[in-house]
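For the sequence shown, the tail end lands on 700 under my numbering, and the numbers increase by one without skipping. Just below is one structure, and these are the notes that go with it.
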Amino acid sequence: MHKESNSSSSLPSLHTSFSAPSFTAPSFLKGFYQNSGRLSPQYENEIRQDTASESSDGEGRKRTSSTCSNDSLNVGGTPVTPRRISWRQRIFLRVASPMNKSPSAMQQQDGLDRNELLPLSPLAPTMEEEPVVIFMSGGDDPEKAEERKKSEELRSLWRKAIHQQILLLRMEKENQKLEASRDELHSRKIKLDYEEVGVCQKEILITWDKKLLNCRGKTKCDMEDIHTSLKEGVPKSRRGEIWQFLAVQYRLRHRLPNKQQPPDTSYKELLKQLTAQQHAILVDLGRTFPTHPYFSAQLGAGQLSLFNLLKAYSLLDKEVGYCQGISFVAGVLLLHMSEEQAFEMLKFLMYDLGFRKQYRPDMMSLQIQMYQLSRLLHDYHRELYNHLEENEISPSLYAAPWFLTLFASQFPLGFVARVFDIIFLQGTEVIFKVALSLLNSQETLIMECESFENIVEFLKSTLPDMNTSEMEKIITQVFEMDISKQLHAYEVEYHVLQDELQESSYACEDSEPVEKLERANNQLKRQNMDLLEKLQIAHAKIQTLESNLENLLTRETKMKSLVRTLEQEKMAYQKTVEQIRKLLPADALADCEALLRDLTCNPNHKAKAGGKA
């Protein structure tokens, strides 16, 4: 009776103590099994091997787990009703020790709903015993050994799964890098989608590669050599690097005064701020290169980069802010380099080369440029100038967009890129050269237009639609043209005329002060012209002195190298003389020294004696 009470009392304690342990897979492995949907072939082979080894004694275990005999449950002989496995126990078996039975067979055998079952664990099925048999079996030591073995197998499986997950993550990172590089190449291909003016040979590409490699540091290069290479052509794949190289060379030779330096604020800091020019910039985004694939997408990558660049410059240059025309200049830069590099080159064009003057609110510099272009036409193309004046066509009607956008708003990108090449080398006067060459090349066709509307239409539509050979001729003319002196004289002339108009606007009652002012004005004009001539002479002298200085420096380097070679030869001769002295006997050496003394003392006498003999 005592034994029966103990055995009967042990059954409830079995149910109360039976609880599934907390056994959850790591979070990153859940994503691994959910994404893949199945195990790797290696794990499936291991599971098949385990199920094949356990198939021999499967039926005995099934009978043991389903019947649960009275001898194992009741020592006193009282029959105990076999218990059904609850759904919690079945979940425990799924997670802790999976079984060979399929989910559908187990659901049909026990009459459970399919929706109550959880998915199979990724672990291999190694046990088929029911929970009652597991806890009521007699042998303790073999079970512990078997559990240890299974835990080791589980650990090895988790290690393999973790290793595979790490490999998958690495592969995903490599795939992301490859996709990023492909996107970058595709974006660069879209950016450079324009026809070049002139064919760039492989030899030119090799020459530019050597220049960019040898002049990476802040070292001055020969400007004549750079001018020759630039005239032969620029590969569009390296155009952005070449522009930056030319900017460095310009800054090495021309130091901008501290008062004219731009504020030292980084591009990233400027992007964090807000600009009052935002609306104007957004309006012009769709108008800037609307047919180019990089800028055509509304708020695409090109328009966003252009907005960032224009916003940053409007915050950097408070006086200029944003002006129509800058967007085309910034767009050309973005097609050949990154945002930050384009921002630096935009600062170079505006501050170092002085293009920001024409974008100021008063537009004074643009008015001076229009006067200079008119004077160039008057002096070098008088018939064309008269024809335009007769039809009341001022340069501001057709040339203002050329100056404000650097020809980017109307002309093909290949031609504009070549114009930018020369601008980075020579500065603002390139715009006058290109404008003058364009008008000169089409002078006969412009003269055939007889009305105001026809001339304006020709200059705005027909003139930019040139073929490649005509563009190449214009670029060649621009390289050979030099109008710097004329432009400077015309600028001084503009200021003198402006002062005269201001003085004439003030009415003077007395004639004597007017006469005095006129005399003083005439004297100042003469002084101005004299100073202008002296300034031109001084500029010419400076140029000659600089060229002489460069020649002297080259000669100095050559002389130094020659001196080094002579010293080396002298040392070699001294060594040979010492070797000869060691080889000759003392008598012969003494005779040689005496002969040398005679020759040095009286070389003419010896020469005469030799002639008589």
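Ideal placement from N, C-alpha and C gives every residue a C-beta, glycine not left out. Treat the numbers as computed from the prediction; the structure is a model and nothing was measured.
query: Contact check, Ala486 vs Phe415, beta carbons under 8 Å; result: no
query: Burial state of Glu516 (16 or more Cβ within 10 Å); result: buried
query: C-beta contact flag for Phe87 and Leu493 at 8 Å; result: Nothing about residue 87 can be reported from this structure: the residues present for the chain run from 88 to 700 only.
query: C-alpha gap between Met424 and Glu406, whole angstroms; result: 26 Å
query: Element boundaries [alpha helix (DSSP H), containing Phe430]; result: 426-434
query: Euclidean distance between Cα positions of Gln655 and Lys662; result: 11 Å
query: Under the three-state DSSP convention, the category Ser159 falls into; result: Because the pLDDT at Ser159 is just 39, under 50, the model does not fix this residue reliably, and the value given afterwards should be weighed accordingly. Of the three classes helix, strand and coil, the one that applies to Ser159 here is helix, per DSSP.
query: Separation of Ser383 from Ile277, as counted between CA atoms; result: 11 Å
query: Cβ-Cβ separation, Ser324 to Glu294 (assumed contact under 8 Å), whole Å; result: Before going further, note that residue 294 is Thr rather than Glu in the sequence given. Not quite, the Cβ-Cβ distance comes to about 14 Å (not below 8 Å), so this is no contact.
query: First through last residue of the alpha helix (DSSP H) which encompasses Leu279; result: It is not in any alpha helix (DSSP H) - Leu279 carries neither H nor E in the DSSP assignment.
query: Cβ separation of Phe545 and Ile561, assumed to be a contact under 8 Å, to the nearest whole Å; result: Incorrect: roughly 17 Å between the Cβ atoms, too far for contact.
query: Burial state of Ala417 (16 or more Cβ within 10 Å); result: buried
query: Contacts around Thr352, its chain only, beta-carbon distance under 7 Å, and the 5 residues preceding and following it disregarded; result: Leu403
query: Rounded C-alpha distance that separates Gln385 from Tyr281; result: 20 Å
query: Asp466, enclosing alpha helix (DSSP H) - first and last residue; result: 451-467
query: Expected contact under 8 Å - CB spacing of Ile329 and Val335 to nearest Å; result: Not confirmed; about 11 Å, so no contact.
query: DSSP three-state assignment for Lys307, whether helix, strand or coil; result: coil
query: Where the alpha helix (DSSP H) through Glu173 begins and ends; result: The sequence as given places Ser at residue 173; Glu does not occur at that position. Where Ser173 is concerned, there is no enclosing alpha helix (DSSP H), given that its DSSP letter is neither H nor E.
query: Between the CA atoms of Ser173 and Asn161 - distance to the nearest angstrom; result: Residue placement at Asn161 cannot be trusted, given a pLDDT of 40 that sits under 50; the coordinates are not used to answer.
query: C-beta atoms of Leu333 and Leu512 nearer than 8 Å; result: yes
query: Reference Leu619; option with closest CA among Ala522, Leu683, Arg443, His582; result: His582
query: Closest Cα partner of Arg505 within the set Glu271, Gly285, Arg257; result: Gly285
query: DSSP three-state assignment for Ile542, whether helix, strand or coil; result: helix
query: Alpha helix (DSSP H) segment containing Leu357, residue limits; result: 354-358
query: Environment of Val521 [buried if 16+ CB atoms lie within 10 Å]; result: buried
query: Residues near Val283 in its chain [Cβ-Cβ closer than 7 Å; skip 5 each side]; result: Note that residue 283 is Glu in the sequence shown, not Val. Here the set comprises Lys323, Gly501.
query: Same chain, Cβ closer than 8 Å to Gly226, neighbours up to 5 away in sequence not counted; result: Residue placement at Gly226 is poorly supported in this model, since its pLDDT is 47, which falls under 50; the coordinates still yield a value, given next. Contacts found: none.
query: Alpha helix (DSSP H) segment containing His341, residue limits; result: Looking at the DSSP string, His341 is not in any alpha helix (DSSP H), and its letter there is neither H nor E.
query: Reduced DSSP secondary structure (H/G/I, E/B, other) of Asp552; result: coil
query: Cutoff 8 Å: Asn345 Cβ touching any chain B Cβ; result: Absent from the structure is chain B; it holds one protein chain and no more.
query: DSSP three-state assignment for Phe494, whether helix, strand or coil; result: coil
query: Ile509 versus Phe566: straight-line alpha-carbon distance, rounded; result: 8 Å
query: Chain-order list of residues whose beta-carbon lies under 6 Å from that of Ser73 (same chain, five-residue window excluded); result: This structure does not reach residue 73, given that the chain is present from 88 up to 700, and the question cannot be answered.
query: Arg505, enclosing alpha helix (DSSP H) - first and last residue; result: 500-513
query: Member of Met553, Leu244, Ala607, Glu578 whose CA lies at the smallest distance from the CA of Ser528; result: Met553
query: Neighbourhood of Leu676 by C-beta distance below 7 Å, restricted to the same chain and skipping five residues each side; result: Arg668
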